[in-house]
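Residue numbers for the sequence shown follow the working numbering, beginning at 11 and rising by one.
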Amino acid sequence: MSLVTAIVTPAILILAAGSLVASTIVRLGRVADYTRTLIAQSEVARREGKTHAVEILEVRMDRQLRRAELTRNALWGYYFAIVLFLVSSVLIALSQVLHVTLEWIGPSMILIGGLVMIVATAQLVIEVGLSAGSLRQEIQSHKNRELES
């Protein structure tokens, strides 16, 4: 394996992980914004004595908290994978420059980083499922309110 190829491979994976970080941060921001909206609605409902509405909003807030935790875990995984890719790139270069026979360390870290990215992405898949479930639940709740009117 040539030195340039060995060092470029982790760089490409770093770009991929960076792109996933960017989109995941946007998701986390949306979860936070929506949660703040739910908190405000819950405070209004509590002041107005609408206990059933408060209960529904608290369930939704719990779901948003779970989404935020999954998103945070995914971000942690992506950042950790980036670190592994960076370190692997440095180790690959050092093993070539210093003529050290530990050439397996860099590729091993790339593999571990790839596995970490898979686990992080799995967290987001679960989060997307929760998001879709929340949306489905809110639409059904809206339809039920319209039927009652």
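Note that the Cβ used here is the ideal one computed from N, Cα and C, for glycine as well.
Note that this is a predicted model, so its numbers are computed, not measured.
8 Å contact criterion, which residue i and residue j should meet: CB distance rounded
i    : j    : result
G116 : S105 : 7 Å
R73  : S144 : 5 Å
R70  : L48  : 5 Å
A21  : S141 : With a Cβ gap of about 32 Å, A21 and S141 do not count as contacting.
Q1   : L75  : The chain is shown only over 11 to 159; residue 1 falls outside these bounds and no answer can be derived.
Classification of residue i by the beta-carbon crowding that lies within 10 angstroms, buried from 16 upward
i    : result
E148 : exposed
Q150 : exposed
L134 : buried
R77  : buried
E137 : buried
S29  : exposed
A168 : The requested residue 168 is not part of the displayed model; the chain covers only 11 to 159.
L125 : exposed
L25  : exposed
L80  : buried
T108 : Residue identity differs from the one stated: residue 108 is Leu in this sequence, not Thr. It counts as exposed.
Reduced DSSP secondary structure (H/G/I, E/B, other) of residue i
i    : result
G108 : Inspection of the sequence shows that residue 108 is occupied by Leu rather than by Gly. Coil at L108, not helix or strand.
E113 : coil
Count the CB pairs spanning the stretch 119-139 and the stretch 75-94 that are closer than 8 Å, and state whether there are at least three. yes
Hey, is the stretch 54-73 in contact with the stretch 124-134, meaning 3+ C-beta pairs nearer than 8 Å? no
Which runs of the beta strand (DSSP E) at least 3 residues long sit entirely within the stretch 23-110? Give them in chain order. none
Specify whether the stretch 29-37 and the stretch 72-88 touch according to this definition: at least 3 beta carbon pairs, one from each stretch, less than 8 Å apart. yes
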